[in-house]
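**Student:** One structure follows; several queries about it will come next.
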Amino acid sequence: MSKTQARTAIVVGAGIVGLAMARALAEAGYQVTVFDRHERAVGASVRNFGTVWPIGVANGPLYARALRSREIWREFCAATGTWHAPSGSLIAAFHEDEWAVMNEYVGMNEGIRPCRTLSPAQVREHAPGVVSQGLLGALLSTDEWVVDPREAIRALPAWLAERYGVQFHWRKAVTRVEHPWVWSGHRRYGADVIYIANGTDFETLYPELFERQAITKCKLQMLRLEAQPSPFRLGPVVCGGLTMAHYNGFHATPSMARLRERLAEQHADLLALGIHVMAAQNGLGEITIGDSHEYGHTHEPFDESAINRQIVGYLKSVLDLPTWSVKQSWHGIYAKLTDGKRSELVLEAEPGVTIVNGVGGGGLGMTLSFGLAEEVVQGQLRPERCEASTASVS
Ligand SMILES: Cc1cc2nc3c(=O)[nH]c(=O)nc-3n(C[C@H](O)[C@H](O)[C@H](O)COP(=O)(O)OP(=O)(O)OC[C@H]3O[C@@H](n4cnc5c(N)ncnc54)[C@H](O)[C@@H]3O)c2cc1C
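Using the working numbering, read the sequence shown as starting at 2 and increasing by one per residue.
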């Protein structure tokens, strides 16, 4: 009996989407090679909060995908000793409308999600940093996880190489794709299937195809605080009321309109900058906080300290931390889908070449990529077909 050769796959991009594709393809028996233009990942996947965030998606298939992704994070963290915290998330309520949305959310999710409301005294037990004055209670969800993206995204390639034999070509920009080939300059590499997960560099390959897509780029400003003095721990990822207006899962609650009205009156400046605040603590005690959301194809490379002040200002109404000393600030950019209909972009650019981008609409790649990648490779989620766009311009 002749031994059949393994099918081969090339993945372009070693952010979370490319790494998740590499894992799912390797699990399906492919021999996988990953290309990234940089020496190591420096894109959205290392610039985020590192929250695995099921509370950010609506009930149904996306919630199931988030839970499956979390399973894979669990497996990876256990195998590699990568730091993670099954911390859950806590949204603090200081206004009646926020409290009403939380109670409605808990009612709507009974038997579906592990969430409940907490009294102020219970909040203090779970999250001692939450401001006491004016606190009405909080929503606690135990689904959420935190990893430190800088550690996790850089440990994933080594795990994929060791466990599955995935090969990585770092500092090799892919400049052209035409199935079954990808080119990096004049060098050509072949594979049975090709997946493109190039994040915000989406226009580099198949530019005409992307001109027709409802996609843009979202810039987010972020800060990291110095380690909090021991023994202080934040506990869950902590958010304020603005977060509920931001995520789909809360939009069906009857009191959401009332909450939105008040936010528009009191926080028009924050809403204009797309600010909703979250704080997540890593294993070193540092707290990552953010964020703002600006949309457009081209962003200024400069960060606005006024935006950072707004983020910190709002967060101070929610959290009373031992130290607010800022260690770092930066921005990240992700590819953002704009039609409001799709929760990811999975496109067949040409037979044998699939683009995977805009996961969770763009802002939930850490939460959904592992599960999405499995669905794509296993054929549960079929790529949208579009006409080939490889024709050269004369
Ligand atoms: C500030 C911020 C906070 C966020 N917080 C969260 C969060 O808490 N939870 C969550 O679930 N999601 C979060 N997100 C969203 C998440 O980070 C993104 O959805 C995800 O990182 C996108 O992954 P990606 O692989 O598509 O992109 P990237 O991480 O940008 O990776 C793309 C890779 O492709 C490579 N590449 C591009 N073009 C080429 C080429 N031609 N040849 C070779 N290589 C190429 C790049 O070098 C890059 O490494 C956040 C995003 C930001 C910016």
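Cβ atoms here follow ideal geometry from the backbone N, Cα and C, with glycine treated the same way.
Nothing here was measured: the structure is a model prediction, and the numbers come from that model.
Quick check on S3: buried or exposed, where buried means 16 or more other Cβ atoms within 10 Å of its Cβ?
**Tutor:** The predicted position of S3 is uncertain, since its pLDDT is 48 and thus under 50; a value taken from the coordinates is nonetheless stated next. S3 is exposed by the Cβ-count criterion.
**Student:** Taking 8 Å as the CB-CB cut-off, is L224 touching chain B?
**Tutor:** Considering every chain present, this structure includes no chain B. It has just one protein chain.
**Student:** Would you call F303 buried or exposed, if buried means 16 or more other Cβ atoms sit within 10 Å of its Cβ?
**Tutor:** exposed
**Student:** My guess is that I276 and L243 are in contact by the Cβ rule of under 8 Å, so how many angstroms apart are they, rounded?
**Tutor:** 7 Å
**Student:** What would DSSP say about R225, mapped onto helix, strand or coil?
**Tutor:** In the structure shown, R225 adopts extended strand secondary structure according to DSSP, grouped into three states.
**Student:** Report yes if the C-beta of S318 is less than 7 Å from at least one heavy atom of ligand 1; otherwise report no.
**Tutor:** no
**Student:** So, helix, strand or coil for F251, using DSSP?
**Tutor:** helix
**Student:** Tell whether a beta-carbon distance below 8 Å holds between L26 and A10.
**Tutor:** In this structure, A10 lies closer than 8 Å to L26 by Cβ.
**Student:** In whole angstroms, what separates the C-alpha of I334 from that of N358?
**Tutor:** When rounded, the distance between both Cα atoms is 13 Å.
**Student:** Ends of the beta strand (DSSP E) at F1?
**Tutor:** Nothing about residue 1 can be read from this structure; the chain reaches only from 2 to 395.
**Student:** Per DSSP, H85 is paired with what?
**Tutor:** V148
**Student:** Within 10 angstroms of its Cβ, does V327 collect 16 or more other Cβ (buried), or is it exposed?
**Tutor:** exposed
**Student:** Are the beta-carbon atoms belonging to E295 and K220 less than 8 Å from one another?
**Tutor:** yes
**Student:** Cβ-heavy atom distance between G373 and ligand 1 below 7 Å?
**Tutor:** At residue 373 the sequence reads Leu, which differs from the Gly that was named. No.
**Student:** So G353 packs on P237, CB below 8 Å; how close in whole Å?
**Tutor:** About 44 Å separates the two Cβ atoms, so there is no contact after all.
**Student:** With respect to the alpha helix (DSSP H) encompassing T176, which residues constitute its N-terminal and C-terminal limits?
**Tutor:** Neither: T176 is in no alpha helix (DSSP H) and is coded neither H nor E.
**Student:** Pick out the complete alpha helix (DSSP H) segments inside the segment 86-150, 4 residues or longer, and give them in chain order.
**Tutor:** 97-109, 121-127
**Student:** Quick check on DSSP: helix, strand or coil for V394?
**Tutor:** The predicted position of V394 is uncertain, since its pLDDT is 37 and thus under 50; no value can be drawn from it.
**Student:** Below 8 Å, how does it come out for the segment 145-165 and the segment 41-58: are there three or more Cβ pairs, yes or no?
**Tutor:** Because the criterion of three Cβ pairs below 8 Å is met, the segment 145-165 and the segment 41-58 touch.
**Student:** Any heavy atom of ligand 1 inside 7 Å of the beta-carbon of V175?
**Tutor:** yes
**Student:** So, are the CB atoms of T176 and T339 less than 8 Å apart?
**Tutor:** At a Cβ-Cβ threshold of 8 Å, T176 and T339 do not count as neighbours.
**Student:** Is the distance from the Cβ of Q214 to the Cβ of D292 below 8 Å?
**Tutor:** no
**Student:** Distance, Cα to Cα, G372 vs Y196?
**Tutor:** Approximately 16 Å, taken between the alpha carbons.
**Student:** Between the segment 366-385 and the segment 57-68, do three or more beta carbon pairs fall short of 8 Å?
**Tutor:** yes
**Student:** Determine the contact status of A7 and V35, defining contact as a CB-CB distance below 8 Å.
**Tutor:** no
**Student:** Consider the C-beta atom of L365 and the heavy atoms of ligand 1; say whether any pair is separated by less than 7 Å.
**Tutor:** yes
**Student:** Around the C-beta of D270, are 16 or more other C-beta atoms found within 10 angstroms, so that it is buried, or is it exposed?
**Tutor:** exposed
**Student:** Can you give me the Cβ contacts of T81 inside the same chain, cut-off strictly under 6 Å, excluding the 5 residues immediately before and after it?
**Tutor:** Correct list, in chain order: A156, W160.
**Student:** Based on DSSP bridge pairs, tell me the residues matched to N358.
**Tutor:** L346
**Student:** Which class does L157 belong to by DSSP, given the choice of helix, strand or coil?
**Tutor:** If DSSP states are grouped into helix, strand and coil, L157 belongs with the helices.
**Student:** Tell me the residue span of the alpha helix (DSSP H) that contains G333.
**Tutor:** Element bounds for G333: not the alpha helix (DSSP H) but the beta strand (DSSP E), 327-338.
**Student:** Nearest to D193 by alpha carbon, out of E126, N199, E152, V183?
**Tutor:** Per the Cα distances, V183.
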